[in-house]
Amino acid sequence: MKIFRVLLAVIMGSLGEESGCVRKMMLRTYVTQVTATDADDPTYGNSARVVYSILHGQPYFSVDPKTGVIKTALPNMDREVKEEYQVLIQAKDMGGQLGGLAGTTIVNITLSDVNDNPPRFSKSFFHLRVPESSALGSAVGRIKAHDLDIGRNAEVEYTIVPGDGGAMFEITTNEHNQEGIIILKR
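Residue numbering for the sequence shown is -16 to -1, 1 to 170, as defined by mature numbering (1 follows the signal peptide of the UniProt record, and there is no 0).
Written out as structure tokens, the structure reads:
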């Protein structure tokens, strides 16, 4: 019996830039399919009939015993809680009966990020002192928000709420460290 080893990075969901809703991973989402082959004669009894089972990886994933299709077994799995899973799959011939030969393979599954966390400031108020002698266009302060997401989903864009100094200041985002740089406008 041969078992094919599978290394897989699974994308559980993503958000488009314009999307306003978060898509959560659903129960029984298809992940991948493992395949085992048996050299026994398939026309003779159950010798070549392969049955799949999970030895390690429950309750997060399930495998269809006949097809080897691996699916999620829990709804709302979250990358921020646990990102990587290792699932041990067994394929056993003779229809899984006693005396059947078995082989195993490991499937590594990585959840990708969805934009499901808002950026948060470390404090509610930031107090900045701006000397009267500050030049127009100069940076007069920096603020930072943190987002638990990763990659593009963690990029922060800052804006000043209209009526709260928007005429006096503008804010830009430093792309390298995601800080908001407050600039004196007038």
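C-beta: ideal position from N, C-alpha, C; glycine also.
For clarity, every value in this text was computed on a predicted model and none was experimentally measured.
query = Who does A86 pair with in a DSSP beta bridge?
reply = On the sequence shown, residue 86 is found 102 positions in, with the first residue counted as 1. Partner(s): K76.
ask   = Nearest to E91 by alpha carbon, out of I73, R104, D77 and V124?
value = To locate residue 91, count along the sequence shown from 1; it is residue 107. It should be noted that the sequence gives Val, not Glu, for residue 91. Checked all of I73, R104, D77 and V124; the closest Cα to V91 is I73.
query = What does DSSP give as the partner residues of P43 in its beta bridges?
reply = For this step, residue 43 is matched to residue 59 along the sequence shown. DSSP lists G41 as partners of P43.
inquiry  = Buried or exposed, going by whether 16 or more other CB atoms sit within 10 Å of the CB of S46?
reply    = On the sequence shown, position 62 is the one that residue 46 refers to. By the 10 Å Cβ count, S46 comes out buried.
query = Exposed or buried, R63, counting other C-beta atoms within 10 Å across all chains shown (16 or more means buried)?
reply = Along the sequence shown, one-based indexing puts residue 63 at 79. Buried: at least 16 other Cβ atoms inside 10 Å.
ask   = For I155, which residues of its own chain have a beta-carbon under 6 Å away from its beta-carbon, when the five flanking residues on both sides are left out?
value = Position 171 of the sequence shown, counted from the first residue, corresponds to residue 155. Taken in chain order, the residues that qualify are Y142, I144, G164 and I166.
Same chain, Cβ closer than 8 Å to A57, five either side skipped, listed in chain order = Locating residue 57 in the sequence shown gives position 73, counting from the first residue. Cβ within range, chain order: L11, R12, Q42, P43, Y44, F45 and S46.
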